[in-house]
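Q: Dropping the structure in here first, questions after.
Protein chains in written order, with this note's numbering: chain D, 2 to 231; chain B, -8 to 253.
So, in structure tokens, the structure goes:
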């Protein structure tokens, strides 16, 4: 493929990302939903933890994680997990939506490389997820109070990007499976729940029982979460 | 081979040679404007930006959509969306156009203008090769140089509309619309020995049936036909003598009437 063609493929990706973002933003109620609802999903962990510990700091939590502040732990974890969810669900569901809407055939019969379309969708997902994650982090910090000390920001962003790339790899494979079997719910829920369980974002990894704790150490998102928590 | 390209070895070039109108209005992004839709597909079809800008302006103008180009497609009528779908298929100026039911669901006057646009502008003026699927026989008759009949996934005949209609022979067609009151109309037509062939359309639960009967010298048989139906308790609602159409050919070839007659 020559350089001109690379540029045209890149433009197709960027256009796909732009189209996805425009379409998403034209459903304002969904924008509000995704900006606010995750706070309600996070709240039970924090409220229950606060009730059990009687505050925001726990000695035993500190022994397991290195930080006694379980509230900040949960807020950072859930913000990062938004990327995992987006990578796993975003591309596959987006293709499925195109299929339901009747536009999938039209984009697949174009001469553009299919990877360019997937990449564009992944890019828009990442941008939208960052947008929502920032809002969620800000709101959660405001409501529950997160004590964050920013160090090595550039390195943190690099690790986040690495994690996104890795999970989009899984997401692309799942997209193919979804298009083949046309049933995204069961498969995605299974993979999502599995990752959510062995890569804890709202509880310490060491709290996991049996072999699951060991498995969690090998998850990229666990490494990233640990890094960001530190 | 499509447009000189091997579909297995050069699928990208084949796709670039083809413009498709399929699923009509559903194949567009309703939450984007007409211009945004066209800009997006221009990028997918790798049309250079400057060329795309000009093509989009020309096509919107050609389709009469320029005044509403920046409105969301969800606010468009079905006809406008169909026009936009056609404009989208022509964006990259393909040599071959695949049009799947381009007039499906459109009102008669707009269907007529779309047919004329496809035939006169795209086919005759711009010289595009057009493969059109339709179940409107009149549309196929008026628009196509060659017609293929497909039934149960198999092509049963391919030829010019005129040659296909000649398959009916020197026969004339007597079209009768009757209300089936006592006896089944198929029993009546079976007992008419001078018929070369016939076709009956109409839903099972509906007592009104349309019968197309093929025979020579219709005039000499009309009296007998009317009497046969009256004696069988069928009420004749209308009667006309017609020239054979492609629908008659379809009935002759397949033995079944077109499903969407009613």
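Cβ coordinates follow ideal geometry from the N, Cα and C atoms, glycine included.
Would the stretch 123 to 131 of chain D count as touching the stretch 22 to 31 of chain B if we require 3 or more Cβ pairs under 8 Å?
A: The stretch 123 to 131 of chain D is not in contact with the stretch 22 to 31 of chain B.
Q: Looking at the structure shown, is residue 145/B part of a helix, part of a strand, or coil, going by DSSP?
A: If DSSP states are grouped into helix, strand and coil, residue 145/B belongs with the strands.
Q: Residue range of the beta strand (DSSP E) that residue 215/B falls in?
A: Looking at the DSSP string, residue 215/B is not in any beta strand (DSSP E); the run it does join, the alpha helix (DSSP H), is 209 to 222.
Q: Suppose you measure from the CA of residue 86/D to the CA of residue 11/B; what does that come to, to the nearest Å?
A: The straight-line gap from Cα to Cα measures roughly 35 Å.
Q: Counting pairs of beta carbons, one from the stretch 75 to 83 of chain D and one from the stretch 33 to 51 of chain D, are three or more of them closer than 8 Å?
A: Yes, they touch.
Q: Within the continuous beta strand (DSSP E) that includes residue 82/D, where are the two ends?
A: No beta strand (DSSP E) holds residue 82/D; the alpha helix (DSSP H) holding it covers 71 to 102.
Q: Against chain B, does residue 16/D count as a neighbour if the rule is that its beta carbon must be under 7 Å from one of theirs?
A: Chain B contact via Cβ: present.
Q: Using the beta-carbon count (16 or more within 10 Å), is residue 30/B buried or exposed?
A: It counts as buried.
Q: Would you kindly check if the distance between the Cβ of residue 239/B and the Cβ of residue 159/B is under 7 Å?
A: It is a contact, given that the beta carbons lie within the stated cut-off.
Q: Which first and last residues belong to the alpha helix (DSSP H) in which residue 156/B is found?
A: Looking at the DSSP string, the run of the alpha helix (DSSP H) that includes residue 156/B is 152 to 157.
Q: Is the CB of residue 9/D under 7 Å away from at least one CB in chain B?
A: Yes, contact with chain B.
Q: Once you ignore the five residues that flank residue 193/D on each side, which residues in its own chain have a CB closer than 6 Å to its CB?
A: Result list for residue 193/D: 89, in chain order.
Q: Going along the chain, which residues of the stretch 29 to 43 of chain D sit with their C-beta nearer than 8 Å to a C-beta in chain B?
A: Cβ contacts with chain B come from no residue of the stretch 29 to 43 of chain D.
Q: Is the CB-CB distance between residue 156/B and residue 231/B below 7 Å?
A: In this structure, residue 231/B does not lie closer than 7 Å to residue 156/B by Cβ.
Q: So, are the CB atoms of residue 97/B and residue 118/B less than 7 Å apart?
A: No, Cβ-Cβ distance for residue 97/B and residue 118/B is not below 7 Å.
Q: Name, in chain order, the residues that DSSP records as bridge partners for residue 232/B.
A: 165/B, per the DSSP bridge assignment.
Q: Establish whether the CB of residue 86/D and some CB of chain B are separated by less than 7 Å.
A: Not one chain B Cβ lies under 7 Å of residue 86/D.
Q: Hey, residue 202/B and residue 176/B are a contact pair by Cβ (cut 8 Å); roughly how many whole angstroms apart?
A: Indeed, because the Cβ distance is near 6 Å, the residues count as touching under 8 Å.
Q: Counting only beta-carbon atoms, is residue 91/D nearer than 7 Å to chain B?
A: No, residue 91/D does not count as interfacial toward chain B.
Q: Using only alpha-carbon positions, find the residue among 191/B, 185/B and 190/B that is nearest to residue 212/B.
A: With distances taken between Cα atoms, residue 212/B lies closest to 185/B.
Q: Under 8 Å, CB to CB, which of the residues in the stretch 97 to 111 of chain D have a partner in chain B?
A: Under the 8 Å Cβ criterion, the stretch 97 to 111 of chain D contributes 102, 103, 104, 106, 107, 108, 110 and 111.
Q: Please classify residue 84/D as buried or exposed, where buried requires at least 16 other C-beta atoms within 10 Å of its C-beta.
A: Buried, because 16 or more other Cβ atoms sit within 10 Å of the Cβ of residue 84/D.
Q: Once you ignore the five residues that flank residue 78/B on each side, which residues in its own chain have a CB closer than 6 Å to its CB?
A: Result list for residue 78/B: 50 and 54, in chain order.
Q: Kindly list, in the order they appear in chain B, the residues whose Cβ is closer than 8 Å to that of residue 51/D.
A: Result: empty, since nearest Cβ-Cβ is about 41 Å, beyond 8 Å.
Q: Given a limit of 7 Å on CB to CB distance, which residues of the stretch 123 to 135 of chain D reach chain B?
A: Answer set for the stretch 123 to 135 of chain D: empty.
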